[in-house]
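Enquirer:
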Amino acid sequence: MKNPTVSSTISHSSVPIQVLVNKEIAYHIRSWRFIILILLIVLTFGASLYVSSTGLKEAVNNMKDPDQSFLYLKLLTTTDNSIPPFHVFLNFLAPLLGIALGFDAINAEYNGGTLTRLIAQPIYRDNLLFSKFFAPLTVVGTMFIALVLLMIGGGLLGTGVRIEPQELLRIIGFTLISVIYVAFWLSLSILLSIRFRQPATSALTAIGIWLFFTVFFPILVNLAIRPFLPNPNYISEQEYLSYNELILNLLRLSPSQLYLDATTTLLMPSVRSLGPIAMEQMIGAIPAPLSFRDSFLMVWPQVSGLLAATMTCFAWSYYIFMRREIRS
Amino acid sequence: MKDPIIQLTGLTKNYGKAKAVDHLDLNIYKGEVFGLLGPNGAGKTTTILMMLGLTEPTTGTAYVCGHNATRNPIAVKRKVGYLPDNVGFYPEMTALENLTFIAELNGLQKSKARSGAQDILNQVGLGQDIHKKTGDFSRGMKQRLGLAEVLIKTPEVAILDEPTLGIDPQGVDEFLELIKRLSREQNLTVLLSSHHLHQVQRVCDRVGIFVGGKLLAEGSIDSLAHKLQQKEGITTWISFEKTNANVALFEEVLKNLPAIRKLSVGDDSIEIKTDGDITATAVRLLVNNGADILSVQRHDYALDYIYNTYFENSKTSNSEHEKSHSLLHN
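Here the protein sequences line up with chains A and Z, keeping their order. So the first sequence is numbered by our numbering: it starts at 10 and just counts up by one. So the second sequence is numbered by our numbering: it starts at 143 and just counts up by one.
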């Protein structure tokens with residue numbers, strides 16, 4: 010019997026990284042884990058959309074609100090306070106999404122005995138790491154884009170109001186930042202999956218970091234600052250503002266704060282500062298929405314912060330994975 | 143002599159202070175089935191990992207198929223198929239999907255990869271199970287699938303790490319037969335690591351005995367046995383009918399045999415230890431001198447004996463170790 014020969018097909022052969030990414034995507038979309046996560050996201054999206062659409066008429070007719078003309082942004086952000094708006098929800102869910110898709114990326118392969126087999130194939134090791142990173146992001150990105158497109162389509166059908174180009178840009182920007190936020194948590198959990206041999210350990214550690222940043226970090230910052238904070242009644246307004254700024258900046262060490270800042274600014278065009286504004290600055294300002302460009306410039310530090318954190322995690326995992334000896 | 147396809151020179155790997163592999167020099171030639179024989183923890187797997195560029199040697203070089211495995215591992219991996227011990231597959235994928243995936247990673251197109259995978263699965267005897275999920279596979283089936291995966295890239299060298307571990311005896315027979323047949327049909331060089339000497343004995347042209355990171359002996363099984371005989375000599379036991387046996391005469395006759403090391407004559411038996419094989423001569427002499435021979439037994443240096451000798455030497459004190467070492471190099 011003869012083997013099929015490789016040499017004859019090498020000219021139009023498949024690219025290893027593509028094969029790897031395809032396999033990863035197929036694995037994710039068939040896994041129960043992902044189906045459950047999708048259901049979770051779709052449910053919260055549906056719920057917040059339902060709440061916002063019931064209050065939509067009121068919000069759009071509210072003449073005091075400078076953002077009242079942005080119907081589609083209102084659809085994403087309006088809430089009657091029974092449940093938070095979608096971007097605040099996502100602030101909690103996106104880490105879960107990233108962690109769930111990455112916590113066993115490398116160590117499950119290691120424990121299953123498939124990692125040795127994979128790296129004994131003629132592929133570069135970083136291809137494996139890239140595929141573990143890009144495949145879940147592709148899936149998540151596709152899901153987010155599908156959701157917002159569904160929302161826009163539903164809004165068009167329901168209200169018949171034309172979507173402003175600016176609104177579209179802002180919504181796409183919001184989607185993009187959400188994907189970057191997921192990417193951060195994904196790269197963190199991939200790092201942990203390389204560092205720890207047991208998937209359970211890496212999942213717990215990732216969830217621990219997530220809880221720390223969402224629950225304990227604000228408390229810690231408060232605790233750390235309060236002893237140094239003089240009584241607000243005895244200091245000048247200038248000093249008061251600088252203390253306020255300091256606290257905010259410390260809070261911005263947390264990725265969820267960065268995400269919240271960025272999405273709030275993008276989805277609410279009238280937000281013109283992420284810090285406190287002095288009375289003098291407010292005088293003469295017309296409460297009008299900012300242009301997309303201005304909003305985007307305002308969140309640029311936040312976006313680059315998120316990107317930098319993602320890169321750092323990824324580079325670190327790259328460093329520890331590339332030279333690790335892998336034996337079964 | 144032709145160039146070796148695997149050439150290891152001074153290969154050393156230290157883990158901290160412990161030496162996993164210690165200045166290993168080994169040449170393996172094309173078409174050979176080479177058995178790397180050693181107890182657990184001898185450094186077999188580490189050596190294999192260095193050959194594939196999966197771990198870096200502390201010093202020394204490994205050339206496989208003409209490429210430096212440390213500097214250019216991709217080129218090596220293109221030509222070498224590797225079956226790790228403890229091989230695993232994606233449990234949610236079928237055998238065919240698993241194999242097609244690996245074939246595609248090796249640059250085959252999807253359609254060709256699929257048909258090629260089907261052929262090879264038939265070849266290794268998994269034709270019935272191609273659409274079964276590998277999560278349900280038994281250990282033996284997994285090993286077969288692992289072998290299929292080695293073969294699908296049409297390698298020049300196949301490296302099999304403990305391929306028979308955990309398979310039942312009949313499965314081992316079939317598996318070894320398969321390896322032997324495939325290596326012959328496709329002129330495949332096979333490096334097989336194992337601690338089961340009987341299995342190695344059955345398929346390998348040449349073996350290397352590898353203990354404590356050192357290659358203690360290397361060669362065909364016959365030549366290893368020969369070397370050992372030179373050291374130990376050959377022992378022959380002959381027993382004969384006690385009545386009307388002229389023991390003194392027997393001793394007189396046998397004394398004149400060449401290269402005799404030890405001769406002890408009892409009432410009804412004789413033990414002779416010599417450098418060369420003199421069993422036939424001794425028996426003839428005895429018969430001519432009127433002995434009624436009942437049984438003749440020659441100490442046979444099978445691989446078992448070689449293996450145990452080397453292993454025991456390695457286990458005992460260092461000086462003993464040195465002795466066995468120097469023996470093999472003269």
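In this text, a Cβ means the ideal position worked out from N, Cα and C, and glycines have one as well.
1. Using a C-beta to C-beta distance shorter than 8 Å, which residues of chain Z count as neighbours of ALA114 (chain A)?
2. Measuring alpha carbon to alpha carbon, tell me which residue in A:PHE79, A:ILE181, A:SER91 and A:PRO104 is nearest PRO264 (chain A).
3. Using a Cβ-Cβ distance cut-off of 8 Å, determine whether ALA129 (chain A) contacts chain Z.
4. What's the call for PHE79 (chain A), buried or exposed, on a 16-neighbour Cβ count within 10 Å?
5. Following the continuous beta strand (DSSP E) through VAL266 (chain Z), name the residue where it begins and the one where it ends.
6. What's the call for VAL224 (chain A), buried or exposed, on a 16-neighbour Cβ count within 10 Å?
7. For TYR59 (chain A), decide whether its Cβ has a neighbour in chain Z, counting only Cβ atoms nearer than 8 Å.
8. Starting from the N-terminal side, write out each stretch of the alpha helix (DSSP H) that is 4 residues or longer and does not extend beyond the stretch 257 to 312 of chain Z.
9. Within 8 Å of any Cβ in chain Z, is that where the Cβ of ARG126 (chain A) sits?
10. Excluding sequence positions up to five away, which residues of its chain have a Cβ less than 6 Å from the Cβ of THR321 (chain A)?
11. For TYR7 (chain A), which residues in chain Z fall below 9 Å Cβ to Cβ?
12. How many angstroms separate the CA atom of GLN266 (chain A) from the CA atom of LEU58 (chain A)?
13. Please return the same chain residues whose Cβ sits closer than 8 Å to the Cβ of ILE128 (chain A), not counting the five positions on each side in sequence.
14. Between which residues of its own chain and HIS467 (chain Z) is the CB-CB distance below 7 Å, once the five residues before and five after are set aside?
15. In terms of residue numbering, what span does the beta strand (DSSP E) encompassing GLY152 (chain Z) cover?
16. For a contact defined as C-beta to C-beta under 7 Å, what are the partners of SER140 (chain A) on chain C?
17. Among A:ALA68, A:PHE323, A:TYR36 and A:LEU177, which residue has its Cα nearest to the Cα of SER196 (chain A)?
18. Quick one: which chain Z residues come within Cβ less than 7 Å of GLY121 (chain A)?
19. For the candidate residues A:LEU159, A:TYR268, A:VAL230 and A:LEU178, whose alpha-carbon lies nearest to that of GLU254 (chain A)?
20. What is the DSSP secondary structure of SER336 (chain Z), reduced to helix, strand or coil?
21. Kindly indicate which three-state DSSP category VAL170 (chain A) falls into: helix, strand or coil?
22. Cα-Cα, which of A:PHE98, A:LEU250, A:ALA144 and A:SER245 is closest to ALA192 (chain A)?
23. What did DSSP end up calling THR184 (chain A) once you bin it into helix, strand or coil?
24. Within 8 Å (strictly less), CB to CB, does GLU334 (chain A) reach chain Z?
25. Hey, how far is the Cα of THR147 (chain A) from the Cα of SER336 (chain Z)?
26. For LYS144 (chain Z), does the count of other Cβ atoms within 10 angstroms reach 16, so buried, or fall short, so exposed?
27. ARG220 (chain Z) versus chain A: which residues are under 7 Å apart at the beta carbon?
28. How about the stretch 368 to 380 of chain Z and the stretch 210 to 230 of chain Z: do they share at least three Cβ pairs that are nearer than 8 Å?
29. Starting from VAL54 (chain A), trace the alpha helix (DSSP H) in both directions and tell me its first and last residue.
30. For LYS8 (chain A) versus SER61 (chain A), is the C-beta spacing smaller than 8 Å?
31. Identify, in the order they occur along the chain, each residue of the same chain with its Cβ nearer than 7 Å to the Cβ of LEU427 (chain Z), setting aside the five sequence neighbours on each side.
32. Judging by CA-CA distance, which residue of A:TYR327, A:ARG261 and A:PHE301 is the nearest neighbour of GLN311 (chain A)?
33. Identify whether PHE382 (chain Z) lies in helix, strand or coil by the three-state DSSP scheme.
34. Counting pairs of beta carbons, one from the stretch 229 to 241 of chain Z and one from the stretch 279 to 297 of chain Z, are three or more of them closer than 8 Å?
35. Would you mind sorting PRO239 (chain A) into buried or exposed? The rule is 16 or more other CB atoms within 10 Å of its CB.
36. Please confirm whether GLY249 (chain Z) has its beta-carbon closer than 8 Å to some beta-carbon of chain A.
Expert: The structure says:
1. Those within 8 Å of ALA114 (chain A) in chain Z number zero; the least Cβ separation is about 14 Å.
2. Considering only alpha carbons, the answer is A:PRO104.
3. yes
4. buried
5. Note, VAL266 (chain Z): premise wrong, no beta strand (DSSP E); not H, not E.
6. By the neighbour-count rule (16 or more Cβ atoms within 10 Å), VAL224 (chain A) is not buried but exposed.
7. In terms of beta-carbon proximity, TYR59 (chain A) stays away from the interface with chain Z, with every pair separated by 8 Å or more.
8. 281 to 294
9. yes
10. none
11. Residue numbering for chain A in the displayed model covers 10 to 337; residue 7 (chain A) lies beyond these limits and cannot be assessed.
12. Straight through space, the alpha carbons of LEU58 (chain A) and GLN266 (chain A) are spaced by roughly 23 Å.
13. ARG134, LEU137 and ILE335
14. For HIS467 (chain Z), the predicted model reports a pLDDT of 39, less than 50, meaning its position is unreliable; a value from the coordinates is still stated below. Listed in chain order, the non-local C-beta contacts of HIS467 (chain Z) below 7 Å within the same chain comprise LEU358, local neighbours out to five positions each way being set aside.
15. 148 to 157
16. In the structure shown, chain C does not exist; the protein chains are A and Z.
17. A:PHE323
18. Taking the beta carbon of GLY121 (chain A) as reference, the chain Z residues within 7 Å of it are GLY230, listed in sequence order.
19. A:VAL230
20. strand
21. coil
22. Comparing C-alpha distances from ALA192 (chain A) to each of A:PHE98, A:LEU250, A:ALA144 and A:SER245 shows the shortest one belongs to A:ALA144.
23. Residue state, collapsed to three classes: helix.
24. yes
25. 44 Å
26. exposed
27. PRO131
28. no
29. The question names Val, but residue 54 (chain A) in the sequence shown is Phe. Here the alpha helix (DSSP H) through PHE54 (chain A) covers 41 to 63.
30. Since the first residue shown for chain A is 10 and the last is 337, residue 8 (chain A) is missing from the structure and cannot be characterised.
31. Within the same chain, LEU427 (chain Z) has close Cβ partners VAL395 and LEU396.
32. A:ARG261
33. DSSP, read as helix, strand or coil, puts PHE382 (chain Z) in strand.
34. yes
35. Counting of Cβ neighbours within 10 angstroms places PRO239 (chain A) among the exposed residues, the total staying below 16.
36. yes
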